[in-house]
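Asker:
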Amino acid sequence: ALVISCELVRLYFSLGQVSQCAFVLSTVGAASHNNAFDPVKLPKSLLVTLYFLWGRHLVMAGKIEEAEEKLSKALSICPPKVGRNRRMILLYLVPCRLRLGRYPSRGLLERNRLQSLSGIVAATSSGNVRQFNEELERQEQELVCCGTYWVVEKLRVVAYRNLVRNVFELARTDGAVKSKQDLEPFEQAFLWQDDCTPKETSCLLAQLIYLGAVRGYLSDTHRKVVFSKEMPFPPVSAWSMKA
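According to my numbering, the sequence shown is numbered sequentially starting from 30.
1. Can you tell me where the alpha helix (DSSP H) with glycine 112 in it begins and where it stops?
2. Identify every run of the alpha helix (DSSP H) within the segment 168-215, keeping only runs that are complete inside it and at least 4 residues long; order them along the chain.
3. What are the boundary residues of the alpha helix (DSSP H) that includes serine 255?
4. Would you check if the distance between the CB atom of tyrosine 189 and the CB atom of valine 150 is smaller than 8 angstroms?
5. Taking lysine 70 as the reference, give the member of Tyr246, Leu31, Val254 and Val111 with the closest Cα.
6. Drop a sphere of 10 angstroms on the beta-carbon of threonine 177, count the other beta-carbons inside from all chains shown, and report buried for 16 or more, exposed for fewer.
7. How would you write the range of the alpha helix (DSSP H) that tyrosine 246 sits in, first residue to last?
8. Can leucine 233 and cysteine 225 be called in contact, C-beta distance under 8 angstroms?
9. Leaving out five residues before and five after threonine 56 in sequence, what residues of the same chain have Cβ atoms less than 8 angstroms from its Cβ?
10. Please report how far the alpha carbon of glutamate 198 lies from the alpha carbon of glutamine 217, in whole angstroms.
11. Among the residues of its own chain, which have a CB less than 6 angstroms from the CB of aspartate 223, if the five just before and after it don't count?
12. Should alanine 60 and phenylalanine 81 be called a contact, given that it needs their Cβ atoms to be closer than 8 angstroms?
13. Can you look up alanine 218 in the DSSP assignment and give me helix, strand or coil?
14. Rounded to a whole number of angstroms, what is the C-alpha to C-alpha distance between leucine 146 and methionine 117?
15. I believe leucine 143 touches valine 123 by the beta-carbon criterion, under 8 angstroms. Please report the beta-carbon distance rounded to the nearest angstrom.
16. Use the C-beta contact count for alanine 267: other C-beta atoms within 10 angstroms, 16 or more gives buried, fewer gives exposed.
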């Protein structure tokens, strides 16, 4: 039954009818919860296929945390010698982990011929919004075909958050970072990185604060950004699903 389920899901993907996968996979999930089958006793090749297709469907459904769990299982079971399959899994797993604030090593990307993602990874982690936009535009067609474009596109807010953190850490007094900072340096950084006007910068900062990516508030009267003294930049995994 699992073999037929996997082939059905694969067929729905090839026909572009991804929404039809939900019923099949929910049935498999229900059978698993009811102990109708024991994953340990199943062939590894079948489990890899099942978890990969399941994770791929969850990516397209916008359930990133669940997708990361299923794809991680597929990767852990997939033998290292099957490079092609591991690369296919990582094509979906890496964007999911990036959304959760987990950055892959350069070695992992090189071993699996995923150097095309290295620019997006570097731009996101360093807060280089301009580079991120250029990389996203350059790889748009490939990401759309893969079905991960919207997942990667949402990483822009992570790049913005990291840019704000970079500017925040530059303002030091006797080695300590000030919690109350002038708005102007952030306006200059956003202008340099994404051609933002002062008003657009304020809107983006307000959005980051609303999402929980930055803890603090804006003081328009005094043109200040006031950051929380305790963890002004929460972990990406704590807020990224709201973006």
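Glycine is no exception: its CB is placed at the ideal position from the N, C-alpha and C atoms. Bear in mind that the values here come from a model prediction, so they are computed numbers and not experimental data.
Answerer: Taking the geometry as given:
1. Against the sequence shown, residue 112 aligns to sequence position 83. First-last of the alpha helix (DSSP H) with glycine 112: 112-128.
2. Counting only runs of 4+ residues, the alpha helix (DSSP H) found wholly inside the segment 168-215 occupies 169-175, 178-182 and 185-199, in chain order.
3. Looking up residue 255 in the sequence shown gives position 226. Reading the sequence as shown, one finds valine at residue 255 and not serine. Counting along the chain, valine 255 falls outside any alpha helix (DSSP H), though it belongs to the beta strand (DSSP E) covering 253-256.
4. Locating residue 189 in the sequence shown gives position 160, counting from the first residue. Locating residue 150 in the sequence shown gives position 121, counting from the first residue. For tyrosine 189 and valine 150, no; Cβs fall outside 8 angstroms.
5. Residue numbering aside, residue 70 sits at position 41 when the sequence shown is read from its first letter. Its Cα nearest to that of lysine 70, the residue Leu31 stands out among Tyr246, Leu31, Val254 and Val111.
6. Within the sequence shown, numbered from 1, the residue matching residue 177 stands at position 148. Buried is the call here.
7. The residue labelled residue 246 in the question sits at position 217 within the sequence shown. Not the alpha helix (DSSP H): tyrosine 246 falls in the beta strand (DSSP E), residues 245-248.
8. For the purposes of this step, residue 233 is taken as the residue at position 204 of the sequence shown. For the purposes of this step, residue 225 is taken as the residue at position 196 of the sequence shown. Going by C-beta atoms, leucine 233 is nearer than 8 angstroms to cysteine 225.
9. The residue you call residue 56 lines up with position 27 of the sequence shown. Only Ser34 meet the Cβ criterion.
10. Locating residue 198 in the sequence shown gives position 169, where the first residue counts as 1. Locating residue 217 in the sequence shown gives position 188, where the first residue counts as 1. Straight-line Cα distance between these residues: approximately 15 angstroms.
11. The sequence position of residue 223 within the sequence shown is 194, counting from 1. Correct list, in chain order: Val158.
12. As a first step, residue 60 must be located in the sequence shown, where it is residue number 31. As a first step, residue 81 must be located in the sequence shown, where it is residue number 52. No, the pair does not count as a contact, with Cβ atoms beyond the cut-off.
13. Your numbering for residue 218 matches position 189 in the sequence shown. Reduced to three states, the DSSP call for alanine 218 is helix.
14. Locating residue 146 in the sequence shown gives position 117, where the first residue counts as 1. Locating residue 117 in the sequence shown gives position 88, where the first residue counts as 1. So the two alpha carbons sit approximately 13 angstroms from each other.
15. Translated into positions along the sequence shown, residue 143 becomes position 114. Translated into positions along the sequence shown, residue 123 becomes position 94. Yes, leucine 143 and valine 123 are in contact; Cβ-Cβ is about 7 angstroms, under 8 angstroms.
16. The residue given as residue 267 occupies position 238 in the sequence shown. Alanine 267 comes out exposed.
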